[in-house]
């Protein structure tokens, strides 16, 4: 514990030293603007559903092959290398549609993975202050379908910041939506499981939901309650009323936060209501049990957080350091102004 506190103090000293250095540099300090140095844009083909869209929204047919293109504009004064991929849409942990390559994983209900339909080179080099057109090869499934295939083209540029190898990644995503009909898909929602878990570094119970259809859901609202099955007492509840989403053929983990209180072993019941803007309502009721082993495992997050809490005297020391730093900065600024006036 003492070693952790000493490391924390060393970091504070380093941070304050850097801040003091920046003030002493004054007008000589130079900041990078963080200019991304490139942009991308779709070259919309004739089968674009809506020309007002800036992403690919294409009407396709079974077995159709097509080459679409997008442009990478390198607006920097140096040649740049860009990594490219096409990522399946998924529902992220916040309950919204996302396209991150590293986080997304295909759901079991997904019938037409985008990597079997769209092909793209993994890398391209663009000369300074120039543009290139990048082709994307599409091959639609032989079987017709209603609904949509939802994905995105991701383009990432890695910019080396120093010789130490530290880099920042600047990325863009360009939507890719493929449809064959305007037929409305009958919506469905399934509750796959309910279990205790550590979510967002907190104790919780998680309900795993699945959208098994080829339709993207929007304006979703959630109302979940957990009851003790023995006493029928309401234990915890969670309401999400901020127009959430679900990607086609994806899952979402609905989290009921335990407010960092320890889970207790026992028998429980989940009552969960999900609704959308189209009038669909799904009501789920599911019994589940939290074993003593599961509760102990999840509750470790509370123990770890308590061990990492800093004592009050450290916060007091931090306040003293901040006050001293402020006094030093004011003194140096006044001294500099006096010298300039003389």
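In the UniProt record's numbering, the protein residues as written are 1 to 342. Glycine included, C-beta positions come from ideal geometry on N, C-alpha and C.
In three-state terms, what does DSSP make of residue i?
i	result
residue 331	helix
residue 271	strand
residue 180	coil
residue 174	strand
residue 279	coil
residue 339	helix
residue 117	coil
residue 300	helix
residue 164	Unreliable positioning characterises residue 164 in this predicted model, as indicated by a pLDDT of 47, which lies under 50. A coordinate reading is not provided.
residue 95	coil
residue 30	Model confidence at residue 30 stands at a pLDDT of 30, short of 50, so the residue's coordinates are unreliable; what they give is reported in the following sentence. Note: residue 30 maps to coil in three-state DSSP.
residue 370	Residue 370 lies beyond the stretch modelled for the chain, which goes from 1 to 342, so this question has no answer here.
residue 319	helix
Could you check which residue in the options has the C-alpha nearest to that of residue i?
i	options	result
residue 353	213, 67, 239 and 71	Since the first and last residues shown for the chain are 1 and 342, residue 353 lies out of range.
residue 250	105, 229 and 115	105
residue 67	84, 133 and 149	133
residue 145	268, 62 and 52	62
residue 174	69, 273, 210 and 209	69
residue 197	206, 76, 86 and 190	206
residue 238	328, 216, 330 and 204	204
residue 229	216, 152 and 290	290
residue 179	71, 141, 98 and 323	141
residue 73	124, 99 and 48	124
residue 255	317, 95 and 155	95
residue 128	199, 322, 75 and 335	75
residue 71	60, 64, 56 and 147	56
Which first and last residues belong to the beta strand (DSSP E) in which residue i is found?
i	result
residue 243	234-246
residue 199	190-199
residue 216	No beta strand (DSSP E) contains residue 216, which DSSP labels as neither H nor E.
residue 123	123-126
residue 361	The structure shown does not extend to residue 361, since the chain is modelled only from 1 through 342, so no value can be given for it.
residue 209	202-211
residue 88	80-88
residue 186	Looking at the DSSP string, residue 186 is not in any beta strand (DSSP E), and its letter there is neither H nor E.
residue 257	250-257
Going by the DSSP bridge assignment, what does residue i pair with across the sheet?
i	result
residue 75	According to DSSP, residue 75 bridges with nothing at all.
residue 55	According to DSSP, residue 55 bridges with nothing at all.
residue 69	43 and 135
residue 169	158
residue 285	271
residue 130	74
residue 224	238 and 272
Does the stretch 235-253 touch the stretch 285-303, meaning 3 or more C-beta pairs lie closer than 8 Å?
-> no
Decide if the stretch 73-83 is in contact with the stretch 36-51; the criterion is three or more beta carbon pairs, one per stretch, under 8 Å apart.
-> yes
Count the CB pairs spanning the stretch 213-225 and the stretch 180-195 that are closer than 8 Å, and state whether there are at least three.
-> yes
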